[in-house]
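Only one structure is covered here, and it is reproduced in the block below.
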Amino acid sequence: MSTRSDAKPVRLADGDELDDLLAEEPVVLLELYTKGCGKCQAMEPVIGTVARVTDAAVAMVNPGDDMTLLDRFEVRSTPTFVLFRDGEQVATLADGFVETERMVRFVESGGESEA
């Protein structure tokens, strides 16, 4: 596990910004959230920790700002987390609030521990 002690989640405006990030970063954890979602707000410290303690770039996007993201990632509830490696979607997690340790395992295992 590598660390990026100054890393923070970035807020993306839309799918185009996501595609740019996916082209730049080998590992990306994306949170799809909605405004006013209590579980989404509760996840902020968790994904902040994930950004600092893993090699993943962590990003957040509100699919309400780009409705194509709803279909692209089959979002049925928020928060939904999508893990990418080398620009390819490898895993999705849509279990509401997820504890820090579980989220770190999800990222580091490529989502395999969630199967």
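Under my numbering, the first residue of the sequence shown is numbered 1154, with each subsequent residue one higher. Note that beta-carbon positions come from the ideal geometry of N, C-alpha and C, so glycine has one too. From a predicted model like this one, the values you see are computed outputs, not experimental measurements.
Determine whether the beta carbon atoms of glutamate 1184 and methionine 1196 lie at a separation below 8 Å. The count along the sequence shown starts at 1 and reaches residue 1184 at position 31. The count along the sequence shown starts at 1 and reaches residue 1196 at position 43. Between glutamate 1184 and methionine 1196, the CB-CB gap stays under 8 Å.
To the nearest angstrom, how far is it from the Cα of lysine 1188 to the Cα of asparagine 1215? Numbered from its first residue, the sequence shown carries residue 1188 at position 35. Numbered from its first residue, the sequence shown carries residue 1215 at position 62. Looking at the two C-alpha atoms, the distance is approximately 8 Å.
Over what stretch of residues does the alpha helix (DSSP H) that includes alanine 1204 continue unbroken? Reading the sequence shown from its first residue, position 51 is the one you call residue 1204. Bounds of the alpha helix (DSSP H) holding alanine 1204 are 1191-1206.
Under three-state DSSP, which class holds phenylalanine 1259? For this step, residue 1259 is matched to residue 106 along the sequence shown. When DSSP states are grouped into helix, strand and coil, phenylalanine 1259 belongs to the helix group.
May I have the straight-line CA-CA distance separating phenylalanine 1250 from aspartate 1219, to the nearest angstrom? Numbered from its first residue, the sequence shown carries residue 1250 at position 97. Numbered from its first residue, the sequence shown carries residue 1219 at position 66. Within the model, the alpha-carbon separation for phenylalanine 1250 versus aspartate 1219 is close to 23 Å.
Let me check understanding here. Comparing Cα to Cα, which of Gly1217, Arg1238 and Phe1237 lies closest to valine 1228? For the purposes of this step, residue 1228 is taken as residue 75 along the sequence shown, with counting starting at 1. Cα-wise, what sits closest to valine 1228 is Gly1217.
Of all the options Gly1264, Val1257, Thr1245 and Leu1223, which has the alpha carbon lying nearest to the alpha carbon of threonine 1202? Translated into the one-based positions of the sequence shown, residue 1202 becomes position 49. Closest in C-alpha terms to threonine 1202, from the list Gly1264, Val1257, Thr1245 and Leu1223, comes Val1257.
Label proline 1198 either buried or exposed according to how many other C-beta atoms from any shown protein chain fall within 10 Å of its C-beta, with 16 as the threshold for buried. Residue 1198 sits at position 45 when you count from the first residue of the sequence shown. The C-beta of proline 1198 has fewer than 16 other C-beta atoms within 10 Å across all chains shown, which makes the residue exposed.
With leucine 1165 and alanine 1212 assumed to form a contact (beta carbons below 8 Å), what rounded beta-carbon distance in angstroms separates them? Here residue 1165 corresponds to residue number 12 of the sequence shown, with the count starting at 1. Here residue 1212 corresponds to residue number 59 of the sequence shown, with the count starting at 1. Yes, leucine 1165 and alanine 1212 are in contact; Cβ-Cβ is about 5 Å, under 8 Å.
Skipping 5 residues on each side, what residues in its chain have a beta carbon closer than 6 Å to that of leucine 1222? Within the sequence shown, numbered from 1, the residue matching residue 1222 stands at position 69. Contacts found: Gly1168 and Pro1216.
Quick one: using the 10 Å Cβ neighbour count with 16 as the cut-off for buried, is alanine 1176 buried or exposed? What you label residue 1176 is simply residue 23 of the sequence shown in a count that begins at 1. Taking every protein chain shown into account, the CB of alanine 1176 has fewer than 16 other CB atoms within 10 angstroms, so this residue is exposed.
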